[in-house]
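Structure record follows, encoded as structure tokens.
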Amino acid sequence: MDAVLCTLAVWVAFSLRLGYWDFESAAVIKTALLCLIVWLPIFVLKGIYHSVTRFVGSRTMINIAISCMLMAFVLSTLFLTKTIAGPPRTIGVLQPLVFAALLVISRLFARYLLFDILNQRSFDGSRNRVLIFGAGSAGRQLALSLAHEPGMILCGYLDDDARLSGQHIDGVKVYRRHDLEKLVKMLGIDTVLLAVPRISRQERAQIVRSFSRIPVHVLTLPALSHLVGGTVSYDSLREIEINDLLGRDPVPPNQLLLHRTIADRVVMITGAGGSIGSELCRQISKLKPYAIVLVEMTEHALYLIESELLEAQQAGTIHPSTAIHPELANITDRLTVHRLLERWKPDTVFHAAAYKHVPLVEENVIAGLLNNIFGTLRCALEAKKFGVKNFILVSTDKAVRPTNVMGASKRVCELVLQGLAAEDGTTRFAMVRFGNVLGSSGSVVPRFQRQIKDGGPVTLTHRDVTRYFMTIPEAAQLVIQAGAMAEGGDVFLLDMGKAIRIDDMARTMIHLSGLTVRDAENPEGDIEIREVGLRKGEKLYEELLIGDSVHPTSHPRIMRAREERLAWPDLLQQLELMETALENGNRSKALEVLCTLVPEYNGQQAIRLHVA
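Structure, rendered in structure tokens:
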């Protein structure tokens with residue numbers, strides 16, 4: 001094909017040079033043979049014929065232009081030095097120019113024929129009709145990448161820049177954001193791709209929320225810092241996560257606080273295989289501790305976190321001198337805890353081990369109280385005995401005016417640390433209280449995702465339930481920094497942002513999956529939201545503060561509260577009564593003591609429910 005175009009370019013060049021079409025054919029044939037001889041080796045050496053025609057782009061076009069310039073140089077040299085006599089000397093420049101134009105036109109036409117027309121016919125029923133939000137450089141790079149995706153057809157750009165509205169970029173029209181609902185109906189849009197990696201998380205959340213009531217599937221490019229090599233491609237896109245809706249930009253950590261209780265020290269994490277515990281392990285291990293002791297009751301969970309840390313150490317993200325010690329242990333056993341503290345003599349303990357699933361603890365009162373309260377008591381007493389410098393309890397907002405056994409048990413854990421902090425000793429006890437973390441085991445978010453994937457229904461306990469949410473990495477980072485500010489008996493509260501209505505979250509997740517909610521207003525919708533009723537002990541909303549005495553700290557997202565505490569002798573007396581009840585399997589007596597320790601817990605009703 002290119003040989004024909006090369007010959008045609010000679011004829012066109014002669015016509016342009018002489019101004020007429022009727023000229024001696026011998027001169028044309030002679031020049032055409034010369035051009036063919038010059039053309040082939042140059043184009044082969046430049047790798048022109050290694051390109052796949054349907055994927056040709058700007059690089060191929062530039063390569064063609066360079067090759068034709070080399071042709072022009074060789075031909076002009078031959079004609080000017082009269083090595084080849086006969087043709088006008090300007091043919092040496094005109095022929096490569098015409099040839100280059102014909103090559104570019106032919107390849108663009110071939111790409112259009114092979115890709116746009118044939119593929120469109122092949123995928124008429126299944127191709128996704130796509131809009132790209134963001135007509136900047138990332139959006140344009142993404143559009144080029146989409147040209148290689150046979151299942152996608154780009155229908156336009158969306159952009160908030162009024163100057164771009166109505167303009168065309170490479171033949172693709174730019175629309176305003178608020179045109180989306182109309183475009184979904186008019187153009188049959190299935191998917192919106194967010195191509196704005198430089199914006200803040202707050203801006204991204206605002207954009208995503210503006211799409212949340214429109215049934216289109218939304219994918220997004222990650223933040224610029226997470227793009228591999230800074231390159232934008234279709235493979236870089238990911239699903240919208242609930243984190244994208246929180247709209248919280250991370251606060252840069254205070255490095256002094258991060259390292260204060262970690263660097264060059266022995267750090268122990270209980271519950272090391274759990275959601276928060278494992279993230280504490282990941283972050284602490286990167287702060288160059290002397291050793292990190294992973295205490296976990298579940299064998300598989302301990303294996304997973306140990307393997308992950310060892311692989312990270314081999315990859316160089318954890319300092320090679322940091323020792324990693326896995327300990328398969330049950331913290332409710334006093335002797336086991338004693339031996340752990342005696343062996344490792346940690347400087348800092350992060351106590352994240354707990355049973356936290358409200359319905360399970362509600363049904364397994366004895367196991368829940370034993371693990372949460374007495375596991376904490378054993379660890380705290382042994383930490384005090386062995387002179388641990390810092391002991392930080394990972395608590396929960398469910399400990400505030402609790403309505404369930406799990407929350408009440410965590411409130412007793414706080415009382416234990418507050419009581420011990422008031423006694424003589426060198427250990428600084430502190431607790432960090434926060435709400436739900438995204439992606440934790442049992443979290444509502446993965447459950448909703450699974451239910452949407454299965455076609456519904458999406459189940460929630462009550463339409464008006466609200467919860468605070470935070471990402472696991474942010475929560476763990478703040479726990480470490482809060483622990484470094486401990487003075488003794490501190491209750492630290494993490495700024496969780498605004499409470500989110502779970503019903504709104506479910507609807508948003510359905511819409512962002514490109515589906516609609518099936519309800520009375522839309523009986524033909526895709527996914528039903530079904531209300532199943534509040535579980536035993538579940539609250540409509542959570543709180544973080546018991547009193548109103550809260551003070552800022554040096555970190556903008558960490559607050560310190562001063563709350564009433566029980567005298568240690570009185571607390572210890574009640575704990576002994578509870579322990580006896582648990583050893584005897586007397587659930588009602590254990591709950592009675594729990595109600596005495598936490599009066600705000602609705603005790604008598606709880607006892608009746610559990611005895612029944």
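Just so you know, full-length UniProt numbering puts 9 at position 9 of the sequence shown, and the rest follows in order with no gaps.
Beta carbons are placed, not taken as given, at the ideal position from N, Cα and C, and that holds for glycine.
With fewer than 16 other beta carbons inside 10 angstroms of its own, residue 178 counts as exposed. Within the same chain, 555, 556, 557 come within 8 angstroms of residue 251 by CB-CB distance, once the 5 residues on both sides are set aside. Within the segment 324 to 358, the runs of alpha helix (DSSP H) that reach at least 4 residues and sit entirely inside it are, in chain order, 334 to 344.
Taking the CA atoms as reference points, residue 498 sits about 14 angstroms from residue 471. Taking C-beta separations shorter than 7 angstroms and ignoring five residues to either side along the sequence, the partners of residue 299 in its chain run 328, following chain order.
Nearest C-alpha to residue 501 among 463, 41, 514: 463. Going by beta carbons, residue 366 and residue 594 fall outside the 7 angstroms limit. Under the three-state reduction of DSSP output, residue 240 falls in the coil class, being neither helix nor strand. Around the beta carbon of residue 552, a 10 Å sphere encloses fewer than 16 other beta carbons of the protein chains shown; the residue is thus reported as exposed. Secondary structure of residue 265 (DSSP, three-state): coil. By the criterion of a C-beta distance shorter than 7 angstroms, residue 72 is surrounded in its chain by 92, 93, 96, once the five residues flanking it on both sides are discounted. Just measuring C-alpha positions, the residue of 364, 285, 363, 335 sitting nearest residue 325 is 285.
In the three-state reduction of the DSSP assignment, residue 176 falls in the coil class.
Cβ neighbours of residue 160 within its own chain (closer than 7 angstroms, five residues either side excluded): 177. The closest CA to that of residue 393, considering only 232, 373, 542, is found on 373. Taking 7 angstroms as the cut-off, the Cβ atoms of residue 399 and residue 270 do not count as close. Residue burial is scored here from C-beta neighbours: residue 409 has at least 16 other C-beta atoms within 10 angstroms and is therefore classed as buried. One thing to note: residue 418 has its Cβ no nearer than 7 angstroms to the Cβ of residue 483. When the five nearest sequence neighbours on each side are left out, the beta carbons in the same chain lying within less than 7 angstroms of the beta carbon of residue 444 are those of 502, in order along the chain. In this structure, the CA atom of residue 428 is about 32 angstroms from the CA atom of residue 364. Between the segment 374 to 387 and the segment 331 to 343 there are three or more inter-stretch CB-CB distances shorter than 8 angstroms, so the stretches are counted as touching.
In this structure, the CA atom of residue 42 is about 21 angstroms from the CA atom of residue 28.
Between residue 404 and residue 479, the C-beta spacing is not below 7 angstroms. Just so you know, the alpha carbons of residue 438 and residue 140 end up roughly 33 angstroms apart. Assignment of residue 528 by DSSP, reduced to helix, strand and coil, places it in the strand class.
Looking at the DSSP output, residue 540 shares a beta bridge with no other residue. When C-alpha distances from residue 566 are compared across 157, 321, 413, the shortest belongs to 413. For the pair residue 32 and residue 98, the CB atoms are not nearer than the 7 angstroms cut-off. Distances from the alpha-carbon of residue 46 to those of 37, 36, 62, 267 put 62 closest. In this structure, the CA atom of residue 194 is about 11 angstroms from the CA atom of residue 211. In this structure, the CA atom of residue 377 is about 12 angstroms from the CA atom of residue 391. Beta bridge pairing from DSSP links residue 291 with 266, 323. Between the C-alpha atoms of residue 368 and residue 354 there is a straight-line separation of about 8 angstroms. For residue 375, the secondary structure class from DSSP, reduced to helix, strand or coil, is helix. When 89, 39, 578, 81 are compared, the shortest CA-CA separation from residue 68 is found for 39. In the structure shown, residue 99 falls within a helical segment according to DSSP collapsed to helix, strand and coil.
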